[in-house]
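If you count by my numbering, then the sequence shown holds residues 7 to 159, one letter each, in order. The beta-carbon is built from N, C-alpha and C at its ideal position, and this holds for glycine as well. All remarks here apply to the structure that follows.
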Amino acid sequence: MKNNDRNNLSINWENLLSQAGYRITQPRRTILDIIAETERPLTPVEIFDRARAKSAGIGLVTVYRTIEKLEELHLVEHVHHLGDCQTVFRSSEQHQHLLICTRCGSSHYFDGLEMEEQFKHISQKFGYQLTGHWLQLAGLCEECQKNLKKEQS
Ligand SMILES: [Zn+2]
Ligand SMILES: [Zn+2]
């Protein structure tokens, strides 16, 4: 994502939140920017730390509330990362799946349409009507593979 897109995302969120009756204050705007800009899942405390570094007077409660609102509107989702289910990441626009680096958290959405077909077959095999699935891949990104090699040599 380019810088412009990030700002657009954050502005878009801001509009959606105010349409939903949520008042956008400066602290909340800062929190939106941080989540929209970051290419990896963040814990509420990480968001809090980054927000505080940008502007003083942001409380952890505000971070949690803002995440809650974003989640209600399906703009962010909870992600399993390093044994933590509290981390949040921007949602993809369509139904997609997430690939996460277990070392640095760098994340990418992908379609995986072939898998969707497989899931249908699996559920049919057991006589289920499929209503949903949750899927996330974990791995090491290129950068982290390189760094690990350097560390080990
Ligand atoms: Zn990585
Ligand atoms: Zn899927």
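Would you call residue i buried or exposed, if buried means 16 or more other Cβ atoms sit within 10 Å of its Cβ?
{"i": "residue 107", "result": "buried"}
{"i": "residue 243", "result": "Limits of the chain in this structure are 7 at one end and 159 at the other, which puts residue 243 out of reach."}
Do residue j and residue i have their beta-carbon atoms positioned less than 8 Å apart in this structure?
{"i": "residue 44", "j": "residue 57", "result": "no"}
{"i": "residue 145", "j": "residue 88", "result": "no"}
{"i": "residue 72", "j": "residue 85", "result": "no"}
{"i": "residue 46", "j": "residue 111", "result": "yes"}
{"i": "residue 19", "j": "residue 119", "result": "no"}
{"i": "residue 42", "j": "residue 79", "result": "no"}
Residue i to residue j, Cα distance in whole Å?
{"i": "residue 116", "j": "residue 29", "result": "33 Å"}
{"i": "residue 59", "j": "residue 38", "result": "14 Å"}
{"i": "residue 127", "j": "residue 51", "result": "41 Å"}
{"i": "residue 176", "j": "residue 70", "result": "Only positions 7 to 159 of the chain appear in this structure, which leaves residue 176 out of reach."}
{"i": "residue 130", "j": "residue 142", "result": "22 Å"}
{"i": "residue 109", "j": "residue 158", "result": "15 Å"}
{"i": "residue 83", "j": "residue 77", "result": "6 Å"}
{"i": "residue 65", "j": "residue 98", "result": "27 Å"}
{"i": "residue 172", "j": "residue 53", "result": "What is shown of the chain runs 7 to 159, which leaves residue 172 out entirely."}
{"i": "residue 101", "j": "residue 134", "result": "21 Å"}
{"i": "residue 156", "j": "residue 16", "result": "37 Å"}
{"i": "residue 138", "j": "residue 114", "result": "21 Å"}
{"i": "residue 121", "j": "residue 22", "result": "32 Å"}
{"i": "residue 24", "j": "residue 55", "result": "25 Å"}
query: Can you list, in chain order, every residue whose CB sits closer than 5 Å to a heavy atom of ligand 1?
result: Cβ-based neighbours of ligand 1 within the cut-off: 107, 109, 110, 112, 147, 150.
Ordered list of alpha helix (DSSP H) runs contained in the segment 39-64, each at least 4 residues: Counting only runs of 4 or more, we get 50-60.
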